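A.B. asks: One structure coming up, written as structure tokens, with questions to follow.
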Amino acid sequence: MALLALTGASGRIATALRPRLRATGHRLVLCDAPGVTVAEPDPTFERTVACDVRDVEGQAEAFAGADLVVHLAAYADERSWPDILSVNIDGTRAVCEAARLAGVGRLLLASSVHAAGYVPVGSPLATDGMPLPAPDTYYGVSKAALEALGALYAGRFGMTVVSARIMNFDDSPGGPRSLQAWLSPDDMARLVLATLTTDATGHHVVWGVSRNTRRSVDLRPGLAVGFDPQDDAEAYACGVQERDPSLPPKLLGGAFADPGYRLGVPHGGTQPG
144 MALLALTGAS GRIATALRPR LRATGHRLVL CDAPGVTVAE PDPTFERTVA
194 CDVRDVEGQA EAFAGADLVV HLAAYADERS WPDILSVNID GTRAVCEAAR
244 LAGVGRLLLA SSVHAAGYVP VGSPLATDGM PLPAPDTYYG VSKAALEALG
294 ALYAGRFGMT VVSARIMNFD DSPGGPRSLQ AWLSPDDMAR LVLATLTTDA
344 TGHHVVWGVS RNTRRSVDLR PGLAVGFDPQ DDAEAYACGV QERDPSLPPK
394 LLGGAFADPG YRLGVPHGGT QPG
């Protein structure tokens, strides 16, 4: 079985992935910042490493022997430019460089739909292939930079890198937008395993989305690396629409692309819903 290194190991996505990856028999190196607690590591399959995401040498040591690095560590919404630059952009560069130094040939980088947040829902840009970056915030810019770094390390060092534009990751769809954009935990695990086993080489940008009936983006980029999602938000549609009958947004970035969403301010100056 393989050895997988996860950054941001205390976060929502990593926490959901861990039992699913352990169930496949894979061993995990769980990396997060000093002072951050990673809940209940299983000593049979997991070991934890306290290391700042910007620490190249420390992460290279943690990644030694890994078959895949799954990079999830980042601020997960809007922040000031210095914070975004330090953690999301410099941090991603450090992870890529640490993986190279450790001899890891495969990377899965957590990009975001917000790297293309100004792409209109239903436009050919979204439904046919993969659009160029059109970031909606500083956060979105950081994910566009992440994709560029993935392309650099794939091209210069011969690594296989998948940058996944994650849409709405959650246990179940929470609103009208997520009926189009939901990424289930099981499908996120399928994406990790596809990156681990793909025969594709080079850099690939894919949508991190489930096989939703109402999805607004193209599955073919993911299928090209073996990512074949199975879950469908439609199973939850009646409950979602009863709770919130509003229409989904017209841009992929949703509220992040609204004119009133302020750059550099957590949640755009609003409280998370």
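Heads up, the sequence shown is in my numbering, so the first residue is 144 and it goes up one at a time.
Idealized CB from N, CA, C, for every residue including glycine.
Since this is a predicted model, take the numbers as computed values, not measurements.
Let me check one thing: in DSSP terms, what residues is Thr147 bridge-paired to?
C.D. replies: Residue 147 is actually Leu in this sequence, not Thr. Per DSSP, Leu171 and Leu211.
A.B. asks: Does the region 385-401 come close enough to the region 190-203 to have 3 or more Cβ pairs within less than 8 Å?
C.D. replies: The answer is no - the region 190-203 does not touch the region 385-401, with fewer than three Cβ pairs under 8 Å.
A.B. asks: Could you spell out where the alpha helix (DSSP H) holding Thr303 opens and where it closes?
C.D. replies: Here Thr303 belongs to no alpha helix (DSSP H); instead the beta strand (DSSP E) covers Thr303 to Ile309.
A.B. asks: Going by the DSSP bridge assignment, what does Gly351 pair with across the sheet?
C.D. replies: Answer is Ile309.
A.B. asks: Compare the beta carbon distance of Leu147 and Tyr261 with 7 Å and say whether it is the shorter of the two.
C.D. replies: Not a contact, by the Cβ cut-off of 7 Å.
A.B. asks: In chain order, which beta strand (DSSP E) runs of at least 3 residues are fully inside the region 231-309?
C.D. replies: With a minimum length of 3 residues, the continuous beta strand (DSSP E) runs that stay inside the region 231-309 are 249-255 and 303-309.
A.B. asks: Compute the beta-carbon to beta-carbon distance between Asp279 and His257, rounded to the nearest angstrom, for a pair I have assumed lies under 8 Å.
C.D. replies: Right, the Cβ-Cβ distance comes to about 5 Å (below 8 Å), so this counts as a contact.
A.B. asks: May I ask which residues mark the beginning and end of the beta strand (DSSP E) holding Val192?
C.D. replies: Unbroken beta strand (DSSP E) run through Val192: Glu189 to Ala193.
A.B. asks: Count the other C-beta atoms from every protein chain shown that fall within 10 angstroms of the C-beta of Cys381, then say buried if there are 16 or more, exposed otherwise.
C.D. replies: Exposed.
A.B. asks: Excluding the 5 residues flanking Ala152 on each side, which residues of the same chain have their C-beta closer than 6 Å to its C-beta?
C.D. replies: Excluding sequence neighbours, Ala152 sits near Leu173, Cys174, Asp175 and Val181.
A.B. asks: Looking at Gly397: is its Cβ nearer than 7 Å to the Cβ of Arg320?
C.D. replies: Yes.
A.B. asks: Should the region 353-373 be regarded as contacting the region 334-342, the criterion being three or more beta carbon pairs within less than 8 Å?
C.D. replies: Short answer: they touch.
A.B. asks: Within 10 angstroms of the Cβ of Gln430, are there 16 or more other Cβ atoms? Answer buried if so, exposed if not.
C.D. replies: Since the first residue of the chain shown is 144 and the last is 416, residue 430 is not available in this structure.
A.B. asks: If I follow the unbroken alpha helix (DSSP H) through Gly382, where does it start and stop?
C.D. replies: It spans Ala380 to Arg386 - the alpha helix (DSSP H) in which Gly382 sits, taken as one unbroken run.
A.B. asks: Do Val284 and Met310 have their CB atoms nearer than 7 Å?
C.D. replies: Cβ distance not < 7 Å, so Val284 and Met310 don't count as in contact.
A.B. asks: Take Leu164 and list the residues in its own chain whose beta-carbon comes closer than 7 Å to its own, dropping the five residues that flank it on each side.
C.D. replies: Correct list, in chain order: Leu147, Leu171, Ala332 and Val335.
A.B. asks: Would you kindly report the start and end of the unbroken alpha helix (DSSP H) that includes Val335?
C.D. replies: Pro328 to Thr340 is the extent of the alpha helix (DSSP H) around Val335.
A.B. asks: On a Cα-Cα basis, can you pick out the residue from Gly272, Pro409 and Ala288 that is closest to Ser254?
C.D. replies: That would be Ala288, whose Cα lies nearest to the Cα of Ser254.
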